[in-house]
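In the working numbering, the protein residues as written are 568 to 945.
Cβ coordinates follow ideal geometry from the N, Cα and C atoms, glycine included.
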Amino acid sequence: MKTVLKIIRVIDRPSRFVSEKDAGAMMATLAVSANSAGVDPKLPGDQNPRMPANLTPMYLKAEREYRRAQSVAEQVECLQVMLQLVPKHKGTDRLQADLKSRLSEARRTLQQQLNAPKSGQTFRIPRQGAGRVVIVGGPNCGKSRILKELTRAEPEVADFPFTTREPLPAMMDYDGVPIQLIDTPPVVFGQLEPWMLNLLRTADAALLVFNGASDDAPEETLAVVREFADRKTRFSTTTGFDELSFATVNIASILLVTHAADDEHAERLELLNDLMGVALPIHKVELDDHVTIEQLKREIFALLKIIRVFTKPPGQPPDMTSPLTIAIDGTVEDLAAQIHDDLAKSLKHAKIWGEGGHDGQIVGRDHQLRDGDVVELH
Ligand SMILES: Nc1nc2c(ncn2[C@@H]2O[C@H](COP(=O)(O)OP(=O)(O)OP(=O)(O)O)[C@@H](O)[C@H]2O)c(=O)[nH]1
Ligand SMILES: [Mg+2]
Numbered sequence: 568m569k570t571v572l573k574i575i576r577v578i579d580r581p582s583r584f585v586s587e588k589d590a591g592a593m594m595a596t597l598a599v600s601a602n603s604a605g606v607d608p609k610l611p612g613d614q615n616p617r618m619p620a621n622l623t624p625m626y627l628k629a630e631r632e633y634r635r636a637q638s639v640a641e642q643v644e645c646l647q648v649m650l651q652l653v654p655k656h657k658g659t660d661r662l663q664a665d666l667k668s669r670l671s672e673a674r675r676t677l678q679q680q681l682n683a684p685k686s687g688q689t690f691r692i693p694r695q696g697a698g699r700v701v702i703v704g705g706p707n708c709g710k711s712r713i714l715k716e717l718t719r720a721e722p723e724v725a726d727f728p729f730t731t732r733e734p735l736p737a738m739m740d741y742d743g744v745p746i747q748l749i750d751t752p753p754v755v756f757g758q759l760e761p762w763m764l765n766l767l768r769t770a771d772a773a774l775l776v777f778n779g780a781s782d783d784a785p786e787e788t789l790a791v792v793r794e795f796a797d798r799k800t801r802f803s804t805t806t807g808f809d810e811l812s813f814a815t816v817n818i819a820s821i822l823l824v825t826h827a828a829d830d831e832h833a834e835r836l837e838l839l840n841d842l843m844g845v846a847l848p849i850h851k852v853e854l855d856d857h858v859t860i861e862q863l864k865r866e867i868f869a870l871l872k873i874i875r876v877f878t879k880p881p882g883q884p885p886d887m888t889s890p891l892t893i894a895i896d897g898t899v900e901d902l903a904a905q906i907h908d909d910l911a912k913s914l915k916h917a918k919i920w921g922e923g924g925h926d927g928q929i930v931g932r933d934h935q936l937r938d939g940d941v942v943e944l945h
């Protein structure tokens, strides 16, 4: 294994994990495969650093929806909305041009898809719950076992590689917040199917699984990182389009080490970290020890960067069993919009109870909420 690792060691960033020549060949293959997944590797924003020119919360919301779009038809719809919402001034000229060219490209792809006979495997998994977290990794690293431990699903778990063949979604409950986890087949060097790429690019977060008990784990995990990086998809600390390139998608991830009871897991992990060039938060689990699972649930929730808010009708106690969730920096208005757009429009004020010293205090629509707040909307 050491020789192989030395060869790959020429890199300092995941996107440089292959030689220019290999990368060229891979991108050529990708140009064919990624299009069928609704992802164009050669996007106009690629050359144009994006200008953060007073983009409104509404626009940013539309952009988030666009990233999550699961078909080219959905992408077209989202791009139309983004074009309507993008502030029209000098500072957004390049962004507007970028959106227009993406829209015409997406329309073209859509037309081609409508005309072409269906090919390749696709899986359509409806989004459910407060967020979608994809479990990714090399063969036999414990992906299915993680899904089994965290949800009520019964995936096939076996002590040999390539057990899982198709994605399997299941819901994890975190204190009343349902979170969608998706188990996936292993990713190995040279084999990343378009549907799998699309699944990660549209996810809210990922668990990159590393088998702490295997000498092959650094090389195998590196192959996973590289397969996605070559297609402009990076395991990262935040989720969303990259600041500098509209084509690159970052996915907030945890490097999840299984078999953490193995004495040599830290050494193997160090080897991966040296090679990978991205520092991801690390969480170690020994899946035969249930204590570590609760902590993992908390970390998955934290990865989604959302807060729980409880609503109550006037004069009645709140329902503390089923919180609503909004973005970590969300406001009273965001909460109202989560319930219904009309409510966000008609909203006058809110009363809130919470740890920030609020005890039925009246606040405006821009008031930022905190995890655990109880809110009465008026
Ligand atoms: N003791 C222990 N066993 C683990 C741990 N994680 C996974 N395993 C075992 O490792 C084996 C492989 O686990 P799977 O969950 O099937 O692995 P996978 O990544 O889904 O494998 P593929 O679907 O083939 O890619 C099973 O026997 C699991 O019980 C762990 O943290 N501790
Ligand atoms: Mg599996």
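Under the three-state reduction of DSSP output, residue 887 falls in the coil class, being neither helix nor strand. By the C-beta criterion, the region 909 to 919 is judged to be in contact with the region 937 to 945, since at least 3 inter-stretch pairs fall below 8 Å. A check of alpha carbon separations from residue 831 across 841, 781 and 858 identifies 781 as the nearest.
For residue 736, the uninterrupted beta strand (DSSP E) run begins and ends at 735 to 741, by DSSP. Contact check for residue 805 and residue 819: beta-carbon distance about 5 Å, within the 8 Å limit, so the pair qualifies. The beta carbon of residue 891 is closer than 6 Å to those of 876 and 905 in its chain, skipping five residues each way along the sequence. Considering only 630, 789, 861 and 815, the residue with the shortest C-alpha distance to residue 838 is 789. Around the beta carbon of residue 721, fewer than 16 other beta carbons lie within 10 angstroms, which makes this residue exposed.
The three-state secondary structure of residue 896, taken from DSSP, is coil. Per DSSP, residue 878 is one residue of the beta strand (DSSP E) stretching across 873 to 878. Taking 3 residues as the shortest admissible run, the region 720 to 787 contains the following complete beta strand (DSSP E) segments, listed from N- to C-terminal end: 735 to 741, 744 to 750 and 772 to 778. With a contact defined as Cβ atoms closer than 8 Å, residue 634 and residue 795 miss out at about 15 Å. In this structure, residue 844 lies away from residue 776, with their beta-carbon atoms at least 7 Å apart. The DSSP-derived three-state label of residue 820 is strand. Counting C-beta pairs closer than 8 Å gives fewer than three between the region 846 to 859 and the region 880 to 887, which falls short of the contact rule.
Of all alpha-carbon atoms in 896, 907 and 913, the one lying nearest the alpha-carbon of residue 940 is that of 896. Every residue whose beta carbon comes nearer than 6 Å to a heavy atom of ligand 1 appears here in chain order: 704, 706, 707, 708, 709, 710, 711, 712, 724, 725, 726, 728, 729, 730, 731, 753, 825, 826, 852, 853, 854 and 855.
The region 665 to 677 makes no contact with the region 745 to 759; the number of CB pairs closer than 8 Å stays below 3. Counting along the chain, residue 839 sits inside the alpha helix (DSSP H) bounded by residues 832 to 843.
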